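In this note's numbering, the protein residues as written are 1 to 405.
Where a beta carbon is used, it is the ideal one built from N, C-alpha and C, also for glycine.
Since we're looking at a predicted model, the values are computed, not measured.
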Amino acid sequence: MRRSSKEMSKMSVVDLEKVSKYVNVGNQAIQLLSRSDQEHYANLNLKWDGKLIQADAYVVFHSTVRGPAKGGIRMADDVSLEETRRLAELMTYKCALAKIPFGGGKSGIRIKPASISLEARRELVSEYVHIFGCYLQTGTYVPAPDIGTGPSDMATIYGCTHILESVTGKPPRIGGLPGREEATGYGVASITKMASSGIMGKDLEGLKVAVQGFGNVGKWTALFLANWGAKVVAVSDATGAVYMEDGLPVAKMASAKTLDEVDLPRIQREDLLAVPVDVFIPAAVGGVIDENVASKLQAGLVVEAANDPTTAEGDMVLKDRGICVIPDILANAGGVIASYIEWRQAKSGSLTEKSETYHAIEKQMSQAYEEVIAAVERENISHRLAAQVLAVNEVVESMRDRGWI
């Protein structure tokens, strides 16, 4: 699928011209990073129970200069090529900032998961592997779960490739990593702990937190923070929102499928944005913090558990209001760090304990956090720009090492 240079240049989630003021990027690197390495499209067709199921599928490799393309498979009825591009680019910089040897990739399957049976879903995922399997089997692309997919889907992929390291996020019994399911949430909670202390001067004990989104990432983030002493006072999901000033029973909520199954004080979902808290954690989908939402937030710190949750306009409003943002490429890197450990484990045959997974996540994220803070203080720039400067520099230096530029 070929696209014009003008169209491709619109994909970037990083302002490379701005980054170039702080690091030697160069025109050749900008040209390479403004385009995807590869983009692939297929129409997944499945005959099931006498009906034809069709789903658009996208696979994007943004940059593979630092290693195999790494990124999850998103399954939703609003998946698009543009979204898949942006998420693949984010993965490039997320892996670079965490200093793990992966590039950026992403997949999207455009279908509502609830609209098909479990058996049909397995066949649809198998069809995805049938079409794109050459990239998985050669190690060019290593997928993982994302919104709408989970360990069982990764098990289906492994059942097709028969290569343990071809996919991460598998169930622990078939080569998955203990702690992988909660890894992203653990990383978000860990970064929240670091930032609340280092930036706000507040301990977690009694810290008031609101979490938008209570899927895998939001749930585990809230559980860890509550266990560490924070007060998770407001949470929302697709069914509504709940609020308790003295803190919600997060463990009880986590045992329910959705928030409408728990008997707790309700608020409107949009009212969650105006709840006075110390930390607001968007853990749902992208683009939710626009300039309107940013003007309403009553928080001192935003920790981006979701990918790309803040628009450029929203980011400017938050900056003008003095609200610090810990960007997604730092905040939610716990998942891809755990994926790297699982991938490495599959290649070496070693075994990893859950405590080792947690330790590795905290170590890598702590190092990245300290580097970002140092760049913020050195250059007097935002945490987002500092993270981007560090990540882009890693990618560009890799291009120089490989003779690409």
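Proximity winner among the options, relative to residue i (alpha-carbon distances)
i: Phe-102; options: Ile-341, Ser-348 and Ala-386; result: Ile-341
i: Asn-332; options: Ala-155, Leu-87 and Ile-53; result: Leu-87
i: Glu-379; options: Phe-61, Thr-192 and Lys-21; result: Lys-21
i: Pro-68; options: Ser-12, Thr-140 and Met-91; result: Thr-140
i: Asp-308; options: Val-317, Ser-295, Leu-330 and Asn-292; result: Leu-330
i: Thr-352; options: Val-285, Ala-338, Gln-364 and Glu-362; result: Ala-338
i: Lys-296; options: Ala-274, Ala-360 and Asp-278; result: Ala-274
i: Ala-283; options: Val-217, Gly-198, Val-167 and Ile-326; result: Val-217
i: Arg-122; options: Gly-229, Gly-150, Arg-269 and Val-188; result: Gly-150
i: Arg-344; options: Gly-169, Ala-375, Ile-289 and Val-325; result: Gly-169
i: Val-23; options: Gln-388, Gly-335 and Pro-276; result: Gln-388
i: Val-242; options: Pro-178, Pro-265, Met-154 and Ile-191; result: Pro-265
i: Arg-35; options: Gly-50, Val-14 and Trp-48; result: Val-14
Span separating the alpha-carbon of residue i from that of residue j
i: Pro-249; j: Leu-204; result: 17 Å
i: Ser-366; j: Val-392; result: 19 Å
i: Ala-312; j: Lys-70; result: 25 Å
i: Lys-26; j: Leu-225; result: Sequence inspection shows Gly at residue 26; the Lys mentioned does not correspond to that position. Each residue's alpha carbon lies about 42 Å from the other.
i: Leu-412; j: Arg-66; result: No answer is possible for residue 412: the residues shown for the chain start at 1 and end at 405.
i: Gln-298; j: Ile-323; result: 9 Å
i: Gly-185; j: Gly-213; result: 12 Å
i: Lys-202; j: Leu-118; result: 46 Å
i: Asn-292; j: Thr-258; result: 27 Å
i: Asp-146; j: Val-279; result: 24 Å
i: Val-317; j: Glu-270; result: 18 Å
i: Val-188; j: Ala-120; result: 34 Å
i: Glu-7; j: Ile-326; result: Annotation note: pLDDT 38 at Glu-7 (below 50); position unreliable, no value reported.
i: Asp-315; j: Ala-294; result: 8 Å
Counterpart residues of residue i in DSSP-defined beta bridges
i: Asn-45; result: Gln-54
i: Tyr-243; result: Ala-234
i: Thr-310; result: Ile-289
i: Gln-212; result: Ser-236 and Pro-282
i: Ser-63; result: Gly-104
i: Cys-324; result: Leu-301
i: Met-75; result: Ile-109
i: His-40; result: Val-59
i: Arg-145; result: The residue asked about is misnamed: residue 145 is Pro in this sequence, not Arg. For Pro-145, which the question treats as bridged, DSSP gives the partners Ile-73.
Cβ neighbours of residue i in the same chain (closer than 6 Å, five flanking residues each side left out)
i: Arg-2; result: For Arg-2, the predicted model reports a pLDDT of 35, less than 50, meaning its position is unreliable and no value from the coordinates is stated.
i: Val-59; result: His-40, Ser-107 and Phe-132
i: Val-262; result: Met-253 and Ala-256
i: Ala-346; result: Leu-164, Glu-165 and Gly-175
i: Tyr-93; result: Ile-329 and Ala-391
i: Lys-219; result: Ala-254
i: Met-288; result: Sequence inspection shows Val at residue 288; the Met mentioned does not correspond to that position. Answer for Val-288: Pro-282 and Pro-309, listed in chain order.
i: Gly-215; result: none
i: Ala-386; result: Val-372, Ala-375 and Val-376
Close-in-space but distant-in-sequence residues of the same chain around residue i (CB under 7 Å, 5 per side omitted)
i: Ser-126; result: Thr-156 and Cys-160
i: Asp-78; result: none
i: Ala-96; result: Arg-66, Ala-391, Glu-394 and Val-395
i: Asp-37; result: Phe-61, His-62, Ser-63 and Thr-64
Beta-carbon contacts of residue i that lie in its chain and below 8 Å, excluding the five residues immediately before and after
i: Leu-124; result: Leu-44, Leu-46, Ile-53, Ala-55, Ile-109, Ile-111 and Ile-116
Assumed close pair residue i, residue j - CB separation to whole angstroms, cut-off 8 Å
i: Ala-76; j: Met-399; result: Rounded, the Cβ-Cβ distance is 33 Å, inconsistent with contact.
i: Gly-105; j: His-62; result: 7 Å
i: Lys-208; j: Lys-231; result: 5 Å
i: Ala-222; j: Val-235; result: 6 Å
i: Leu-136; j: Ala-210; result: The Cβ separation is near 38 Å, so there is no contact.
i: Pro-113; j: Gly-148; result: 5 Å
i: Val-303; j: Ala-195; result: 7 Å
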